[in-house]
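**Q**
In the numbering used here, the protein residues as written are 735 to 962.
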């Protein structure tokens, strides 16, 4: 059975004055990235593979600016899914839940599901895709086949061509971008962007505000690297 209605009807969970500092940080004003400064930051990591990956990403960004939104989604989704390998935070960073900047993920050449989403989100935002069309979405992902009752926490990037449109799902597990109605293995829990947080029909394993605190820390590190 399709879970598309659950994606479509996610109710707005938080949108108020008290959340404003978080939301400002979710979508800080930008005059465009200084890629030369970012390249210097990447070179300081001393990782030749990471520097090559950064150069490929920079070229892809330059070549994708004039494309339509659908093509931008496809290119960035394919790039990160094929260039980054999946690994958990403990293996990469030695801690349980670390949100890596795009430079950090490219420097390591790997990331977990959240790192894939972060890299895609910011790249698409820089290419001019409105943040109102993008949501970082926590889901429960069913594993073990269509009849399995086993699921695990997962994050995907969702794209809404219009506010009431069926979202497209950008997932590091499946490079093919599919509409939510074709991802019956995913159950949305909550999502967020610069406009607020949306709650799904299932209980979250962690506080949305705690997640936003990690997001705030991530953005501070990104700004230090040169993502202005």
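We treat Cβ as the ideally placed atom computed from N, Cα and C, and that holds for glycine.
Computed from a predicted structure; not experimentally measured.
#1: Specify whether the segment 846-855 and the segment 808-823 touch according to this definition: at least 3 beta carbon pairs, one from each stretch, less than 8 Å apart.
#2: Let me know the secondary structure DSSP gives residue 909 once reduced to three states.
#3: Where does residue 928 fall in DSSP's three states?
#4: Can you give me the C-alpha to C-alpha distance between residue 769 and residue 880, rounded to a whole angstrom?
#5: Taking 7 Å as the limit between beta carbons, can you name the residues of its chain near residue 877, skipping five residues before and five after?
#6: Residue 775 bridges to which residues according to DSSP?
#7: Measure from the alpha carbon of residue 841 to the alpha carbon of each residue in 803, 772 and 922, then state which is nearest.
#8: Under DSSP, the beta strand (DSSP E) around residue 792 begins and ends at which residues?
#9: Per the DSSP calculation, residue 876 is bridged to which residue(s)?
#10: Assuming residue 776 contacts residue 837 under a Cβ cut-off of 8 Å, what Cβ separation, rounded to an integer in Å, is found between them?
#11: When the Cα of residue 952 is compared with those of 853, 901 and 930, which residue comes out closest?
**A** Let me lay it out:
#1: Result yes; three or more Cβ-Cβ pairs closer than 8 Å.
#2: For residue 909, the secondary structure class from DSSP, reduced to helix, strand or coil, is coil.
#3: In the structure shown, residue 928 sits in coil (DSSP, three-state: anything other than H, G, I, E or B).
#4: The alpha-carbon atoms of residue 769 and residue 880 are separated by roughly 44 Å.
#5: Around residue 877: 884, 885 and 886.
#6: Under DSSP, residue 775 shares a beta bridge with no residue.
#7: A check of alpha carbon separations from residue 841 across 803, 772 and 922 identifies 772 as the nearest.
#8: No beta strand (DSSP E) contains residue 792, which is instead part of the alpha helix (DSSP H) from 782-798.
#9: Looking at the DSSP output, residue 876 bridges to 885.
#10: With a Cβ gap of about 6 Å, residue 776 and residue 837 count as contacting.
#11: Cα-wise, what sits closest to residue 952 is 853.
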